[in-house]
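Accompanying notes for the structure given below.
2 protein chains.
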Amino acid sequence: MTDFAAITAAAERLKGHARRTPLLESPFLNEIAGRRVLVKPECLQHTGSFKFRGAWSAVSALPPEVRARGILAFSSGNHAQGVAYAAAQHGVPSVIIMPADAPALKLANTRAFGAEVITYDRAGGESREEIGQAVSAERGLTLIRPYDEPMVIAGQGTVGLEIAEQAAELGVTSGDVLVCCGGGGLTSGIALALEAKAPALRARPVEPEGFDDTTRSLAAGQILSNDRPSGSICDAIVSPQPGDLTFPIQQRLCGPGIAVSDTQALQSMAQAFLRLKIVAEPGGAVALAAALYHGDQIQGDAVIAVVSGGNVDPDIFVQALGTLG
Amino acid sequence: MTDFAAITAAAERLKGHARRTPLLESPFLNEIAGRRVLVKPECLQHTGSFKFRGAWSAVSALPPEVRARGILAFSSGNHAQGVAYAAAQHGVPSVIIMPADAPALKLANTRAFGAEVITYDRAGGESREEIGQAVSAERGLTLIRPYDEPMVIAGQGTVGLEIAEQAAELGVTSGDVLVCCGGGGLTSGIALALEAKAPALRARPVEPEGFDDTTRSLAAGQILSNDRPSGSICDAIVSPQPGDLTFPIQQRLCGPGIAVSDTQALQSMAQAFLRLKIVAEPGGAVALAAALYHGDQIQGDAVIAVVSGGNVDPDIFVQALGTLG
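Chains as they are written, first to last, in my numbering: chain H, 677 to 1001; chain Z, 677 to 1001.
The following block contains the structure:
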């Protein structure tokens, strides 16, 4: 089980290894949103996404002799890079199972970080879990799941610790914290950290329209799946359904989810370029999109949005800039 | 005269107003450069460039009754935005003299920050100094020069204070600090801060080819001018010649300058997008370009590069991404 003590312990292990990303604000974004918008740019984290935190947390928590045999992960890309880099920094091998249609940049980077990459056919119905477990058993590797893993949730929770401190410095102690949500590791980790450090800040998952499994699950009070396994421009945050560990945490602590369109994700990438000078990937921009374009679903004078990653291929980024007209 | 005490005093005035930008690093950039490259992304500063620091330093240092009459500045864009925002945050009016061919984004932003913008014809030989002085005398405004101004140099020097601290945390205490250089306010301010706080770190100006007035002036031991007043893609850092205040500081403290091509500036913008997830403008990317593509002119295991700004129009950014091939 992940609790607040696990998050503070993860923060200790991450010290000097993960970046403390700043909390940004632009008067132009505030004007669009009609309220203050504070942005936590985890795209500036090592490997270009928050996933490095959870990966480092999990790899660093393993007993040295277990870690030495190597790490295995399955991921559409950002978890892959985080695990590959965390393993390499610890001097141990890693094997990453990735969908064959993952963005070229993420596949290339994962290999460049020294990982062995095994691809599978996402649309064809191959199960990454089955492939992962088979390789894990065969080679004695330790599988680090992307979200349903207590040490990963604890690592992602350190984003929440920083938000609580940094928002207070900017005078914001209550309101919604919008979080890009796939399997829910980041959302549930942040929710646990806020519960302890800033109880008037409330985490809320944000998802792409058509892949809003967490939003619908929270509304229904039970875990529901997406109809399709892939097909969103927001590839980084598409997962089949909320996690068995992450969903109960979100159910207990999170506000309702918000779903945004692909166009809104692209528009908020362009605004992040223009006003914050950061590079967001589509899935990493959905929380900012909710802050900017779904203000009617938000209450309070200020909102916090996590930009969870920036690993986007240039052609998609050019498409996003095209929304500026 | 700007000295170290003026920089620490500016740092006090900037506290809680300017952002402490992080110091970023990517294994991919290290590989290109053949050494560690630490990047100080001042594009993440308020208004998208380091200029906010100098502007806030100067505006905040004025006697309240003088400040209340208003501020005047002349600038190709980043100083304009910095002064406009600093004035607005102090609740006082500002008038900004800008070249008519400045990037559309910078003109629009300066107006959006509440400044009155007066444009002039840069290629036609109009003197921004003469226009500025006339308006200043007429309205009782205080002119804040973009670089030859002690309080501005002191404000820019706070970048050097942060670099000294943050580089030491990453284990780097000696080597070159490459600085995008126009009139020399940032370079000389950083040089003064490093002299006191990290004497084995040495500031070096980086300029666009064809507009390398500071590089040539340092080599000649006297102030030399550029042949042309404009025409570089690196518009933000083109100035006629080194400043009367900034040049002696650079002469005393800085290493030799480096000139980079427009193509290299665009390539380093693309690398900053890909590897650091930050948005750099061409002039803001020249120091990183020197780190990546002029390693033969640099010594030591590590180099620090300041990305000085990110206020770039989307079409130029798309052009930069095109260099990725």
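Every residue gets a Cβ at the ideal spot worked out from N, C-alpha and C, and that includes glycine. These figures come from a predicted structure and were not determined experimentally.
- Separation of S725/Z and A687/Z (C-alpha to C-alpha, rounded to the nearest whole angstrom) is 17 Å.
- Here E825/Z carries a coil assignment [DSSP, helix/strand/coil].
- Distance from the CA of G692/Z to the CA of S864/Z, rounded to the nearest whole angstrom, comes to 24 Å.
- DSSP, reduced to helix, strand and coil, places M774/H within a strand of the structure shown.
- For the region 711-736 of chain Z, residues whose beta-carbon sits nearer than 7 Å to a beta-carbon of chain H comprise C719, L720, G724.
- Contact with chain Z is found for L997/H, since one of that chain's Cβ atoms lies less than 8 Å from the residue's Cβ.
- Ranking G753/H, G767/H, V715/H by CA distance to the CA of S736/H puts G767/H first.
- The DSSP-derived three-state label of E688/Z is helix.
- Taking all protein chains in view, the Cβ of V988/Z is crowded by 16 or more other Cβ atoms within 10 Å, so the residue is classified as buried.
- CA-to-CA, the gap between G808/H and S915/H works out to about 16 Å.
- Look at V962/H: its C-beta is not under 8 Å from any C-beta on chain Z.
- With contacts defined by Cβ atoms closer than 8 Å, I954/H and G998/H do not form a contacting pair.
- Here DSSP, grouped into helix, strand and coil, assigns L942/Z to helix.
- Taking 8 Å as the CB threshold, F680/H stays off the interface with chain Z.
- Burial check for R904/H: the Cβ neighbour count within 10 Å stays below 16, so the residue is exposed.
- When Cβ-Cβ separations below 8 Å define contact, I772/Z makes no contact with chain H.
- If only complete runs of 4 or more residues are kept, the region 816-889 of chain H shows the alpha helix (DSSP H) at 826-845, 861-873, in order along the chain.
- Residues are counted here when their Cβ sits less than 9 Å from a Cβ of chain H; for the region 772-806 of chain Z these are L781, N785, A788, F789, given in chain order.
- Within the region 966-997 of chain H, the complete beta strand (DSSP E) segments at least 3 residues long are 978-983, listed from N- to C-terminus.
- Looking at the DSSP output, R712/H shares a beta bridge with A978/H.
- Interface with chain Z (8 Å Cβ-Cβ cutoff): G986/H is included.
- Leaving aside the five residues that flank I708/Z on each side, the residues in its chain whose CB is nearer than 6 Å to its CB run, in chain order, L968.
- For F750/Z, the enclosing beta strand (DSSP E) starts and ends at 747-750.
- Restricting attention to R695/H, Y823/H, L942/H, G897/H, the CA atom closest to the CA of G858/H is found in Y823/H.
- In the DSSP assignment, V793/H falls within the beta strand (DSSP E) that extends over 792-796.
- F728/Z and L738/H have their C-alpha atoms spaced approximately 45 Å apart.
- Nearest CB-CB separation between R695/H and chain Z: below the 8 Å threshold.
- Within chain Z, the residues whose beta carbon sits less than 8 Å from that of L1000/H are P990, listed in sequence order.
- For C719/H, the closest alpha carbon among the candidates G959/H, G1001/H, D889/H is that of G959/H.
- Around the beta-carbon of P918/H, 16 or more other beta-carbon atoms lie within 10 Å, marking it buried.
- Excluding the 5 residues flanking it on each side, F789/Z has same chain C-beta neighbours closer than 7 Å at Q757, A760, Y761, A764, in chain order.
- I954/H reaches chain Z at L720, K953, I954, V955, counting residues in chain order whose Cβ is nearer than 8 Å.
- At a C-beta separation below 8 Å, V994/Z has these neighbours in chain H: V994, L997.
- At a cut-off of 8 Å between beta carbons, P698/H contacts chain Z.
- In the assembly as shown, Q898/Z is an exposed residue. Its beta-carbon has fewer than 16 other beta-carbons within 10 Å.
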